[in-house]
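Peer 1: So the sequence shown is residues 33 to 171, counted in my numbering.
All C-beta atoms, glycine included, are put in the ideal place defined by N, C-alpha and C.
Everything numeric in this text was worked out from a predicted model, so none of it was measured.
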Amino acid sequence: MTERTLVLIKPDGVARNLIGDILARVERKGLTVAALEMRIAGADVAGEHYAEHAERPFYPALLEFITSGPLVAAVVEGPRAIAAFRQIAGGTDPVEKAVPGTIRGDLALDGQQNLVHGSDSAESAAREIALWFPNLAQS
Ligand code: CMP
33 MTERTLVLIK
43 PDGVARNLIG
53 DILARVERKG
63 LTVAALEMRI
73 AGADVAGEHY
83 AEHAERPFYP
93 ALLEFITSGP
103 LVAAVVEGPR
113 AIAAFRQIAG
123 GTDPVEKAVP
133 GTIRGDLALD
143 GQQNLVHGSD
153 SAESAAREIA
163 LWFPNLAQS
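The following block contains the structure:
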């Protein structure tokens, strides 16, 4: 079943010139970039995106990081796109969880500055795509 997921290349990925590497991995997996935008996230969008983490101790630092510079937001489409992107991203902790061969396992060290975000469920994907791409037609 074709799905859509929301992918962010976080400010660390943009600053490290990894946009091309990360998008190449998405495309080589067989997924399609259906929408793409570089922008600096405002506190409003960032806060809403990470609302589920609002009570976590790392939330203020996470918001500061995610709004600290340009990021790339993308809608990625394909069969089982939500799970497929999370597979190629690797676990949240790039050292303890993400295995070599994944974006985080190959390219990151830090649990917060971990290069990418991918929606974790169909509900999250619908919410996040509507948040980042309000003008995109629903599929
Ligand atoms: P992401 O997949 O975007 O979802 C929540 C984000 O919070 C996560 O990636 C990390 O960037 C960040 N995060 C998760 N856990 C921690 C943690 N223990 N300390 C700092 N940042 C975290």
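For the beta strand (DSSP E) containing H149, name the first residue and the last one.
Peer 2: Start and end: V148 to G150.
Peer 1: Could you have a look at A157 and say whether DSSP puts it in helix, strand or coil?
Peer 2: In this structure, A157 counts as helix in the three-state DSSP scheme.
Peer 1: Count the other C-beta atoms from every protein chain shown that fall within 10 angstroms of the C-beta of G110, then say buried if there are 16 or more, exposed otherwise.
Peer 2: G110 comes out buried.
Peer 1: Out of curiosity, what's the CA-to-CA distance linking S151 and E160?
Peer 2: Cα to Cα, S151 sits roughly 7 angstroms from E160.
Peer 1: In angstroms, rounded to a whole number, what distance separates the CA positions of D142 and A154?
Peer 2: Roughly 27 angstroms separates the two Cα atoms.
Peer 1: Provide the residue span of the alpha helix (DSSP H) that contains I54, from first to last.
Peer 2: Run containing I54: I51 to K61, per the alpha helix (DSSP H) assignment.
Peer 1: Since G74 and T99 should fall inside the 8 angstroms C-beta cutoff, what is the C-beta to C-beta distance between them, to a whole number of angstroms?
Peer 2: Contact holds; Cβ gap of about 7 angstroms.
Peer 1: Going by beta-carbon coordinates alone, are I72 and L50 separated by less than 9 angstroms?
Peer 2: No. Outside cutoff.
Peer 1: Could you tell me if the beta carbon of T124 falls within a distance shorter than 8 angstroms of some heavy atom in the ligand CMP?
Peer 2: Result yes, Cβ under 8 angstroms from the ligand CMP.
Peer 1: Are there any heavy atoms of the ligand CMP lying less than 8 angstroms away from the beta-carbon of L103, as far as the coordinates show?
Peer 2: Not under cutoff, so the answer is no.
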